[in-house]
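Everything on this sheet refers to the single structure shown next.
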Amino acid sequence: FERHLHAFNEDAVRRDLIKKKQEEHKKKQEEEEKARKETEAVKATDSKVEEITDEEAEKLMNAQKEESSPPTPAPTTEDKKEGEGDESDDGVPPLIGNGLKTDTYSFTQTLSDITINVFIPDGIKAKNLDVIYSQKKLKVGIKGQPPILDGELFSKILADETLWNIETIEGQRTVVITLDKVDKMKWWESVVVGGEKINTKKIEPENSKLSDLDGETRQTVEKMMFDQQQKQKGLPTSDELEKKQKLQNFMDAHPEMDFSKAKFS
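According to this note's numbering, the sequence shown holds residues 192 to 456 in order.
Structure representation (structure tokens):
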């Protein structure tokens with residue numbers, strides 16, 4: 192009896208953790224959707240940068256790279272096959288929640304985590320399931336039967352933070368699995384490599400404040416935003432200002448030298 196009671200208590204604690212995490216996930220998605228709509232409805236009234244989306248930051252980084260790099264020839268078909276990355280133009284447009292639904296499972300995601308719903312028959316209990324996961328792999332199925340979902344995860348997860356439970360969602364018996372991403376700046380195009388994909392380029396980016404970024408990324412983004420604004424105003428960029436300041440410091444340190452006829456580029 193004590194063993195059954197202990198197992199029941201453990202299961203109750205796990206269900207509470209799952210429920211709490213799912214509520215946090217849902218609340219975060221609602222807040223992000225609200226923030227996105229508010230952002231679209233309001234036009235910026237000054238040039239001060241308070242918020243930047245992942246998509247805007249990526250565009251700025253790409254623009255800076257294009258300015259500093261020579262043009263490269265278009266890749267051949269073979270080059271594209273060899274150099275394909277995680278993201279492509281393939282895949283269906285993402286559903287609400289930045290995921291998709293198949294006949295056997297569905298998923299939604301934020302930049303920080305992903306929730307997978309695996310559909311199972313009525314009457315199946317936790318003891319009848321195989322839910323096996325690691326940092327790079329996931330296997331979900333009914334014991335003694337071929338797995339419903341099995342393969343290498345699209346990207347690494349924090350395996351120790353994984354939670355799962357059985358729920359009935361819209362009349363469907365479902366295994367709900369919540370995974371914490373290691374890379375919290377990356378959208379997943381599929382749950383497992385080779386699985387059905389979404390087109391991540393069509394995901395509505397999450398709004399993020401500069402204060403949310405790590406120090407190095409924040410400095411890079413702030414520099415690019417400043418340089419872009421300076422160019423629009425016809426003013427020197429941060430690199431040009433730094434070069435000018437170094438030159439002025441050198442001239443101040445050597446008053447005996449005549450710089451009146453010197454030409455600086």
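The C-beta atom is built at its ideal place from N, Cα and C for all residues, glycine as well.
Check for me: the alpha helix (DSSP H) holding residue i runs from which residue to which?
| i | result |
| --- | --- |
| L432 | S429 to A444 |
Report the residue from the options whose alpha carbon sits nearest the alpha carbon of residue i.
| i | options | result |
| --- | --- | --- |
| G386 | W378, Q300, D341 and A226 | D341 |
| K292 | S381, K328, F450 and K375 | S381 |
| S325 | D313, K393, R205 and A350 | A350 |
| M376 | K452, S346 and K328 | S346 |
| W378 | K219, T301 and E214 | T301 |
May I have the straight-line CA-CA distance separating residue i from residue j, to the nearest angstrom?
| i | j | result |
| --- | --- | --- |
| G290 | Q421 | 39 Å |
| N356 | L286 | 23 Å |
| E361 | S429 | 56 Å |
| S279 | K372 | The pLDDT assigned to S279 is 49, lower than 50, so where the model puts this residue is not dependable, and the model offers no usable value. |
| I394 | T408 | 22 Å |
| I311 | V366 | 7 Å |
| R227 | E221 | 10 Å |
| E223 | D449 | 60 Å |
| K330 | P337 | 10 Å |
| K219 | L320 | 30 Å |
| E343 | V384 | 6 Å |
| H445 | D418 | 30 Å |
| K452 | G406 | 42 Å |
| E352 | E433 | 46 Å |
| N440 | K225 | 50 Å |
| L464 | E431 | For the chain, the structure presents residues 192 to 456; residue 464 sits outside this window and is missing. |
| Q363 | G335 | 21 Å |
| L370 | K328 | 11 Å |
| P427 | E447 | 28 Å |
| K318 | I339 | 16 Å |
| G425 | M442 | 26 Å |
| I462 | Q436 | This structure leaves residue 462 out entirely; the chain is present only between 192 and 456. |
| S297 | Q213 | 15 Å |
| E215 | R205 | 15 Å |
| T391 | V309 | 21 Å |
| K217 | Q423 | 40 Å |
| D313 | D374 | 35 Å |
Determine the extent of the beta strand (DSSP E) in which residue i is found, giving its start and end residues.
| i | result |
| --- | --- |
| T526 | Coverage of the chain is limited to positions 192 through 456, which leaves residue 526 absent and any answer about it impossible. |
| N308 | D304 to F310 |
| T359 | L354 to I360 |
| F298 | Y296 to Q300 |
| E343 | L340 to E343 |
| V373 | No beta strand (DSSP E) contains V373, which DSSP labels as neither H nor E. |
| L329 | K328 to I333 |
| I323 | L320 to Y324 |
Less than 8 Å between the CB atoms is what I'm expecting for residue i and residue j, so what's the real figure, rounded?
| i | j | result |
| --- | --- | --- |
| I348 | I333 | Contact doesn't hold; Cβ gap of about 23 Å is too wide. |
| V322 | I389 | Incorrect: roughly 23 Å between the Cβ atoms, too far for contact. |
| G288 | T299 | 3 Å |
Does the CB of residue i have a neighbour CB from chain C at under 8 Å?
| i | result |
| --- | --- |
| F345 | Protein chain content of the structure displayed is limited to a single chain, and chain C is not contained in it. |
Indicate whether the contact test is met: 3 or more Cβ pairs, each with one atom in the stretch 413–433 and one in the stretch 296–316, closer than 8 Å. Result no; under three Cβ-Cβ pairs closer than 8 Å.
Do the stretch 209–217 and the stretch 344–363 touch if we need at least three Cβ pairs shorter than 8 Å? With three or more CB-CB distances shorter than 8 Å, the stretch 209–217 counts as touching the stretch 344–363.
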